[in-house]
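Undergrad: Residue numbers (UniProt numbering): 1 to 574. Glycine included, every Cβ here is placed at the ideal spot set by N, Cα and C. Got a structure here, written out as structure tokens. Questions coming.
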Amino acid sequence: MARHPLQRLESPSRLFSLLLHTAGLVSFTLSFRWLDRWDYPMFEGYGGYYQHLTNIGLAMAFVTFALGVAADLTLNRQLFALKNAMSVTSSPLEVLISLLYWGIRSIDKALLYPPGMELYWVTDIGFHLVPAVVLTLDLLLLSPPWTIRAYAAMAISMGIAFLYWGWVELCFSHNGWYPYPIFTILNTPQRVALFTGAASLMTASTVLLKWLYGRVNGLGGIEREAHKPLKKVHWPLAQLQYDTPKPLEDHQNTTGLTDNTLTPNCPTLPTACTASRIASSTIAPRSAPFASSSLRTVQQTSRRAYSSQPPKDKNGIKVLPFVALLGVCSISYILLVNSRNGTKPLPSDNMPLIDGPSKKPALAAPAKSTPTFSPKTTTVLFVLGGPGAGKGTQCANLVKHHGFTHLSAGDLLRAEQDRPGSQFGQLIKDCIKDGLIVPMEVTVQLLENAMQATIDAAGPSATEHRFLIDGFPRKMDQAVKFEDAVCPAKLVLFYDCPEATMEARLLERGKTSGRADDNAESIRKRFRTFVETSMPVVDYFAQEGRVIKIDATSTPEDVYEVTKTQLKARLSNF
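Structure follows, in structure tokens:
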């Protein structure tokens, strides 16, 4: 199928073009699947995934490459044109997202997501680098040159910026939080500057991509326009280099004039010569051809037509309308923010992440400057492992023989859900049934209350207290919250066990336990949640040298012997 002369590779086609578009589409699909499985409480709010610009850009990239795959399979030119039209917006947007994300991330990751919500590096690249790379490759290798002018690029960029601006505020009005922590930190004028800068950067991304296309595919006109994005350049005429017109002494009339006579030293480029003929044809009215003009008229007109400067463009880019629009939108936004009364406060570390299914607020721990319990007198061991790894059995042995107090986060939550009058009972019940993580404020407060009750019961004569906290923390933000507010952990006991073994144990237990989550569907959800959210906790503590990893596939007795040996080597008071 014929392609544009400046398009480097064949597209649409069922070769490289289909391969690139399919690879990109697979990457985008995997990213969306990861979103579905990620337990990120903010996604429960109004707007869901699409509160975040990253996911909006990913959706646009998905549509762009889906059109590309369809065009490659059908060799349909209309679908190919639609793909190229989408690319004009999705490519600069993804470049903008990559520049903003990696730029801000290099300064402070906490400006982009809360502590404990960091992405794996592979997932991070899939969201914030791959879309920009594959869309840029599609433009450079598989697309005709963009014809969009800087004026239109600026209009699209500002339109997207203002639409997202309004969308963020709409989500805030429903949720009471911004999708990115940086929006919370910045004041109103600073947010205005951020959105304005983003719109300008997206315009610059469009110009940069056009310039890059020109460098790769050799289109000089695009390069020139990219360097002067606010100026309409008549590039065919601007390429012409003229000397002083030669006198037409050998001609008695103008009827025999040729293109070379009227265009001295004309470049051999057809476009340049065509432009010269067009310029020459406009010298005299159509009703009065050159044959009726005097020699002097032709010479004077030729000098004017072949000026080395392009004609003044009376319809050039006008920046004033954009400035006026920006001013109106900025003022409207400031007035909107200042007029808010009675809205929910911005989220902080001390307020619940999301209202649960019970529609009642989660329990928020009070703000503290230091942990409630000192690690000098209180020893805390986190006990982690997949569901069915045998954590409870090993904790029971340690309690029996070494005087630990066993606190199971799961048992505390189940007891709370059954406690008469508990305002969190239904929330906890729904989370456990669906294999989801209960909001951390509830769990942390229940653990602190249980520890305090144990210490109070021991009386003032007890100088040391030792706790095994089983099945907690499940996420990094829980670990950070607990260590900041309650007590730093000495060690983490991690019981490693294959999923098949754990599933068999849980299904056998489910025959007699009566637990709602001991069924195959809930078990698999719990496995998936553990791998995605709890393993980063294990990795974090392992980097600090606080993890004891124990193989839990052996008999409970053998596992306990290994546990004792490891603890004796690591704890001086064991």
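1) Using the beta-carbon count (16 or more within 10 Å), is N55 buried or exposed?
2) Per DSSP, which residues does L381 bridge with? Please list them.
3) So what does L407 bridge to, in DSSP terms?
4) Would E532 and R37 qualify as a contact pair, given that the criterion is a beta-carbon distance under 8 Å?
5) Could you check where the beta strand (DSSP E) with I548 kicks off and where it finishes?
6) On the DSSP letters alone, give me the boundaries of the alpha helix (DSSP H) that P5 sits inside.
7) Taking Cβ to Cβ, would you say S98 is nearer than 8 Å to L135?
8) What are the start and end residues of the alpha helix (DSSP H) that includes V438?
9) Taking the C-alpha atoms as reference points, what is the distance between F494 and T463?
10) Around the C-beta of P5, are 16 or more other C-beta atoms found within 10 angstroms, so that it is buried, or is it exposed?
11) In the structure shown, what three-state DSSP assignment does D496 receive?
12) Alpha carbons only, please: which of I432, L413, Y49, G459 is nearest the one belonging to E448?
13) What's the gap between the Cα of A485 and the Cα of R149?
14) Output the distance between the C-alpha atoms of L173 and L53, rounded to the nearest integer angstrom.
15) What distance in whole Å lies between the Cβ atoms of F404 and V492, which are believed to be in contact at a cut-off of 8 Å?
16) Quick test of your reading: L67 and L82, contact by CB under 8 Å. State the CB separation rounded to the nearest angstrom.
17) For the alpha helix (DSSP H) that contains V63, what are its first and last residues?
18) Counting pairs of beta carbons, one from the segment 184 to 201 and one from the segment 123 to 141, are three or more of them closer than 8 Å?
19) What do you get for R77, buried or exposed, if any count of 16 or more other CB atoms within 10 angstroms of its CB means buried?
20) What are the start and end residues of the alpha helix (DSSP H) that includes Y213?
21) Output the boundary residues of the alpha helix (DSSP H) element that contains S87.
22) Who are the Cβ neighbours of V88 in its own chain at under 7 Å, not counting the five residues just before and after it?
23) Does the distance from the C-beta atom of V559 to that of G388 stay below 8 Å?
24) In whole angstroms, what separates the C-alpha of L73 from that of P12?
25) In three-state DSSP terms, what is A396?
26) Got a sec? Which residues, its chain only, sit under 8 Å from D250 by beta carbon, not counting five neighbours each side?
27) Would you mind sorting K210 into buried or exposed? The rule is 16 or more other CB atoms within 10 Å of its CB.
28) Indicate whether the contact test is met: 3 or more Cβ pairs, each with one atom in the segment 116 to 135 and one in the segment 172 to 186, closer than 8 Å.
29) For chain B, find out if any of its Cβ atoms is closer than 8 Å to the Cβ of L493; answer yes or no.
30) Using 8 Å as the threshold, is the C-beta distance between L407 and K490 below it?
31) Any idea what DSSP makes of L112, helix, strand or coil?
32) For T529, report the span of its alpha helix (DSSP H) as first-last.
33) Could you give the DSSP three-state label for Y540: helix, strand or coil?
34) Could you spell out the range, first to last residue, of the alpha helix (DSSP H) harbouring E169?
35) Using C-beta distances below 6 Å, list every residue in its chain close to S422, excluding the 5 sequence neighbours before and after it, in chain order.
TA: Short version:
1) buried
2) BP columns for L381 point to L468, L491.
3) I469
4) Cβ distance < 8 Å, so E532 and R37 count as in contact.
5) 547 to 551
6) It is not in any alpha helix (DSSP H) - P5 carries neither H nor E in the DSSP assignment.
7) no
8) Run containing V438: none; DSSP gives neither H nor E here.
9) About 28 Å.
10) exposed
11) strand
12) L413
13) If you take the alpha carbons of A485 and R149, they lie about 56 Å apart.
14) Sequence check: residue 173 is Ser here, not Leu. The straight-line gap from Cα to Cα measures roughly 18 Å.
15) About 15 Å separates the two Cβ atoms, so there is no contact after all.
16) 5 Å
17) 53 to 74
18) no
19) Around the beta carbon of R77, fewer than 16 other beta carbons lie within 10 angstroms, which makes this residue exposed.
20) 188 to 217
21) 77 to 107
22) W146, I148
23) No, Cβ-Cβ distance for V559 and G388 is not below 8 Å.
24) 8 Å
25) helix
26) Residue placement at D250 is poorly supported in this model, since its pLDDT is 46, which falls under 50; the coordinates still yield a value, given next. Closer than 8 Å at the Cβ level, and outside the excluded window around D250, lies no residue.
27) buried
28) No: fewer than three Cβ pairs fall under 8 Å.
29) Among the chains in the structure shown there is no chain B, since it carries only a single protein chain.
30) No; because the gap between Cβ atoms is not below 8 Å, this pair is not in contact.
31) coil
32) 520 to 529
33) helix
34) 150 to 175
35) E416
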